[in-house]
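Residue numbers (numbering that gives the first Met the number 0): 0 to 137.
We put the beta carbon where it would ideally sit given N, CA and C, even for glycine.
Just below is one structure, and these are the notes that go with it.
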Amino acid sequence: MGQLSAERTRDGVLRYLDALNAGDADAIAGCVSADFVNEHTSAAGRGVVGRAGYRARLDGFLADFVALRYEVEEVLVDGDRAAVAYRMSFRLASADGAPVTVRGVFRFRVDSDGLVAHRVDYWDGAEVTRQIAAADGS
Numbered sequence: 000m001g002q003l004s005a006e007r008t009r010d011g012v013l014r015y016l017d018a019l020n021a022g023d024a025d026a027i028a029g030c031v032s033a034d035f036v037n038e039h040t041s042a043a044g045r046g047v048v049g050r051a052g053y054r055a056r057l058d059g060f061l062a063d064f065v066a067l068r069y070e071v072e073e074v075l076v077d078g079d080r081a082a083v084a085y086r087m088s089f090r091l092a093s094a095d096g097a098p099v100t101v102r103g104v105f106r107f108r109v110d111s112d113g114l115v116a117h118r119v120d121y122w123d124g125a126e127v128t129r130q131i132a133a134a135d136g137s
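Here you go:
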């Protein structure tokens, strides 16, 4: 049972990241549970609870984070939980398309249907601000 759970967890997480990389809001929302919890540890991030609330934000998020890409550095899985170290890159439309690359870590919990039920995102908001300022020449 543990091996099946780990495989289900890995598959659910990678399917979610693939949907993010494709920029497909409906596919992204389809990878999360109805009661999905999205937490951010950065002051710049905004959490939300529920698939519907998450989906409602995705179009604006994807429009602002142009060419969003998560490059997976490492995936660790333990049962229904996973941690993913990543390198995220994008151009921030609200900052005149400033290019940003930042490393971070996701923690996930995947439910018995293979859907992401909980996501915690850790990244350095100060580094994002520094890169935007550098692109602006400030």
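Alpha carbon of residue i to alpha carbon of residue j, nearest angstrom
i      : j      : result
Gly110 : Arg118 : It should be pointed out that residue 110 corresponds to Asp in this sequence rather than to Gly. Rounded to the nearest angstrom, the two C-alpha atoms are 12 Å apart.
Gln113 : Asp10  : In the sequence as presented, Gln is not what sits at residue 113; that position holds Gly. Each residue's Cα considered, the two are about 7 Å apart.
Gly136 : His39  : 28 Å
Arg86  : Ile27  : 18 Å
Val71  : Ala55  : 26 Å
Ser46  : Phe60  : Note that residue 46 is Gly in the sequence shown, not Ser. So the alpha carbons of these two residues sit roughly 13 Å apart.
Tyr15  : Val127 : 23 Å
Ala94  : Leu57  : 18 Å
Gly22  : Gly49  : 19 Å
Ser41  : Gln130 : 16 Å
Cβ-Cβ separation, residue j to residue i (assumed contact under 8 Å), whole Å
i     : j     : result
Asn20 : Arg68 : 6 Å
Gly52 : Thr8  : With 8 Å as the limit, Gly52 and Thr8 do not qualify as a contact, their Cβ atoms being about 24 Å apart.
Ala62 : Ala92 : 6 Å
Val74 : Val12 : 7 Å
Val76 : Ala5  : 5 Å
Cut-off 7 Å between Cβ atoms - residues of its own chain near residue i, not counting five sequence neighbours on either side
i      : result
Glu44  : Sequence check: residue 44 is Gly here, not Glu. Around Gly44: Asp120.
Arg108 : Asp79, Arg80, Ala116 and His117
Classification of residue i by the beta-carbon crowding that lies within 10 angstroms, buried from 16 upward
i      : result
Ala18  : buried
Ala133 : exposed
Ala125 : exposed
Ala142 : Here the chain has residues from 0 to 137 only, and residue 142 is not among them.
Val99  : buried
Query raised in the report: Should the region 74-89 be regarded as contacting the region 33-53, the criterion being three or more beta carbon pairs within less than 8 Å?
Result: no
Query raised in the report: When the Cβ atoms of the region 119-126 are set against those of the region 93-104, are three or more pairs found closer than 8 Å?
Result: yes
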